[in-house]
Ligand SMILES: Nc1ncnc2c1ncn2[C@@H]1O[C@H](COP(=O)(O)OP(=O)(O)OP(=O)(O)O)[C@@H](O)[C@H]1O
């Protein structure tokens, strides 16, 4: 329906200060969309991905688009050359032309666009030599030219410091320039290239001009025949290096053998993958006055508490004198405190309310146990409050299965979430082998978390979470989001209130325990921004500049750099850029300064649901069009 589509587009325009225009299939004419005349100099982003555009791009389209920052024409059937008036778009940062039928040599006009950051011309019919002119684009970070017909050698691109590069499947030959040798093989395959990361060039013994050995500290190539003096220098240098290495190695060995086998070492050996955690748990137990090793931290911690407080205490806690866990609802009583004491455990982390442990019970189940600190309220009040938490039941909440209360020890038992927290996923291991967090996963997590919070808010006007942040969004194996830590803010004393999470806290919240649903919405807005930008609200850069994440995003968007705020990993899935901007807008709305301006959590959840639905539909259309979807 054209009217609602138009409204949506207008909303998008206002989302970024009225300066961004998105064109879609219904808008084939470049400055007219559904009857809306658009002013050229206001167009900052032009997205026409996969809308079956064909034929030559007419000359004259770009002449007036001098403010254009992003141009996306990917996934079409455009033919011919790039029109010369693209040179007028001197502010262009992102140019996505991949997967068309464009031909001709790579036009020198591109090298007069000094602000280009991302250039994707892959999967076209570009031919001719690989131009040296790319060296003019000193801001360029992404250069994709794969699957074209480029000929000859790759020039030195010494003026560039690229993050992403691909020239696979062309007709290139010669050696891979030194500066590009850090990229993986995949970036070069399907050519007649040689040298790192590919096989050595013929006749190259590792000292050819393209070999790192033959390059001096300034990156200048050396003559092939080394002088006798140079050879002597290399030999002496190598011997000195070897001696130094051997010395450091011997020192390290001595230091290690000098250590005695403490509890920490035992714990480390038993849990090599959780060295730090085990170490922490030992000190945790020691601080609690307990005994035992890090291997069974919960056992030791609870044992310490129980032995320290005596039998009377347990009687006080459980009425009947038995050391019992209190289970909720229909949760099967699969284990008891004794089992928990015997469980092997490791520290998951220290939070505001205490330390969390992963405990593997002998009978099989794995649970997360939270040892609360600073519980100052009476036992009666604690039991009442925790009972309310225990009755919360929703697929997007981490279920609280049981609790234990004595004078000195309060334990909460939750389901263990194997994938860990969203925070760890976003900011932890960025290395190879990690599942890329694409739009589908991120928007799914956003929706799940929104539904979980929406459920909490539906329990009463004054029910709020109070501590929404990415380490409290836990994930199942299939990346379903579960909100954790709800209801705890009301159990603990003022010293443990979550005030160190300033990055998420709404501006009107002065007492961290007095949070409202609208304050939760604010925190959720920050969480959405974190999901979209990949930046933690406590990001060093933000702190350096003295701004919070919402303000940073707003300033970038106001500067008309909308695409620049998104996490690079997300931008690889560019066919959803429109939905990403909509989610960004929602995030900004949630993080509004004034509580009344923020949407309710159910509006938020509905919104995410809708924009996910439209992106999924677009995805299916795209898959039919072309299964390889960069
Ligand atoms: N049920 C669980 N399953 C898996 N990991 C968990 C579970 N509960 C907590 N964690 C992880 O344990 C660590 C400590 O959690 P905890 O909730 O104690 O502190 P936090 O979330 O860092 O801060 P805060 O207490 O302010 O919420 C976090 O990394 C969290 O993701």
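In mature numbering (1 follows the signal peptide of the UniProt record, and there is no 0), the protein residues as written are 1 to 630.
Even glycine gets a Cβ: it sits at the ideal position worked out from N, Cα and C.
From a predicted model like this one, the values you see are computed outputs, not experimental measurements.
Residue burial classification, residue 550 (beta-carbon count within 10 angstroms, cutoff 16): Within 10 angstroms of the beta-carbon of residue 550 lie 16 or more other beta-carbons, which makes it buried.
Any contact of the segment 354-369 with the segment 377-394, i.e. 3+ C-beta pairs under 8 Å? Taking one beta carbon from each stretch, the segment 354-369 and the segment 377-394 have fewer than 3 pairs nearer than 8 Å; the two do not touch.
Please indicate yes or no: does the CB of residue 100 lie closer than 7 Å to some heavy atom of ligand 1? No, the Cβ of residue 100 stays beyond 7 Å of every heavy atom of ligand 1.
At least 3 beta-carbon pairs within less than 8 Å: the segment 446-453 vs the segment 476-493: The count of Cβ pairs closer than 8 Å, one atom from the segment 446-453 and one from the segment 476-493, reaches three, so the stretches are in contact.
Distance check for residue 523 and residue 505, CA to CA, integer angstroms please. The C-alpha of residue 523 is placed about 6 Å away from the C-alpha of residue 505.
Mind checking who residue 151 pairs with in its DSSP beta bridge? By DSSP's assignment, residue 151 forms a beta bridge with 129 and 171.
Please report how far the alpha carbon of residue 526 lies from the alpha carbon of residue 584, in whole angstroms. C-alpha separation (whole angstroms): 10 Å.
Look up residue 409 in the DSSP assignment and say whether it is helix, strand or coil. Here residue 409 sits in coil by DSSP.
Quick check: the segment 459-476 against the segment 420-428, are at least 3 beta-carbon pairs closer than 8 Å? Yes, since at least three Cβ pairs between the segment 420-428 and the segment 459-476 fall closer than 8 Å, the two stretches touch.
So the alpha helix (DSSP H) residue 522 belongs to, where does it begin and stop? Per DSSP, the continuous alpha helix (DSSP H) segment holding residue 522 begins and ends at 517-533.
May I ask you to check if the CB of residue 388 is nearer than 7 Å to at least one heavy atom of ligand 1? Relative to the non-hydrogen atoms of ligand 1, the Cβ of residue 388 never comes closer than 7 Å to any of them.
Kindly list the residues whose CB is nearer than 7 Å to the CB of residue 613, restricted to its own chain and excluding five residues on each side of it in sequence; keep chain order. In the same chain as residue 613, and ignoring 5 residues on each side of it, no C-beta atom comes closer than 7 Å to its own.
From the DSSP output, in three-state form, read off residue 614 for me. Correct three-state label for residue 614: helix.
DSSP on residue 338, reduced to helix/strand/coil? Helix at residue 338.
8 Å Cβ cutoff met for residue 117 and residue 94: Closer than 8 Å, so yes.
Considering only residues of the same chain and omitting the five flanking positions on each side of residue 487, which have a CB-CB separation below 6 Å? Shown here for residue 487: same chain residues with a beta carbon closer than 6 Å to its own, the five before and five after excluded, namely 389 in chain order.
Segment limits, beta strand (DSSP E) that includes residue 348: Residue 348 -> beta strand (DSSP E) spans 344-350.
Do you know offhand how far residue 438's Cα is from residue 569's? The alpha-carbon atoms of residue 438 and residue 569 are separated by roughly 7 Å.
Sequence-distant residues of its chain with Cβ nearer than 6 Å to residue 410 (five each side left out): Taking C-beta separations shorter than 6 Å and ignoring five residues to either side along the sequence, the partners of residue 410 in its chain run 372 and 375, following chain order.
Residue 28 to residue 87, Cα distance in whole Å? Legend: pLDDT at residue 28 = 36, less than 50; position of this residue unreliable, value from coordinates given subsequently. Residue 28 and residue 87 have their alpha carbons spaced roughly 22 Å apart.
Contact check, residue 398 vs residue 483, beta carbons under 8 Å: Cβ distance < 8 Å, so residue 398 and residue 483 count as in contact.
Cβ of residue 158 within 8 Å of Cβ of residue 179? Closer than 8 Å, so yes.
Should residue 415 be listed as close to ligand 1, given that the test is whether its C-beta is under 7 Å from any heavy atom? Taking the Cβ of residue 415 as the reference point, at least one heavy atom of ligand 1 falls within a distance shorter than 7 Å.
Extract the residue ranges of the beta strand (DSSP E) inside the segment 373-419, only unbroken runs of 3 or more that lie entirely within it. Under the rule that a run must span 3 or more residues, the beta strand (DSSP E) segments found entirely inside the segment 373-419 read 400-405 and 410-415.
Confirm the yes/no value for this check: CB of residue 520, any heavy atom of ligand 1, distance under 7 Å. Distances from the CB of residue 520 to the heavy atoms of ligand 1 are all 7 Å or more.
Between which residues of its own chain and residue 121 is the CB-CB distance below 6 Å, once the five residues before and five after are set aside? Hits under 6 Å: 97 and 145.
Beta carbon of residue 81 nearer than 8 Å to that of residue 46: Taking 8 Å as the Cβ cut-off, residue 81 and residue 46 do not qualify as a contacting pair.
Give the range of the alpha helix (DSSP H) segment to which residue 112 is assigned. Unbroken run through residue 112: none, as it is neither H nor E.
In terms of residues, what are the limits of the alpha helix (DSSP H) holding residue 139? For residue 139, there is no enclosing alpha helix (DSSP H), as DSSP gives it neither H nor E.
Which word fits residue 611, buried or exposed, when buried means at least 16 other C-beta atoms lie within 10 angstroms of its C-beta? Residue environment: residue 611 is assigned as buried (16 or more neighbouring CB atoms within 10 Å of its CB, all protein chains considered).
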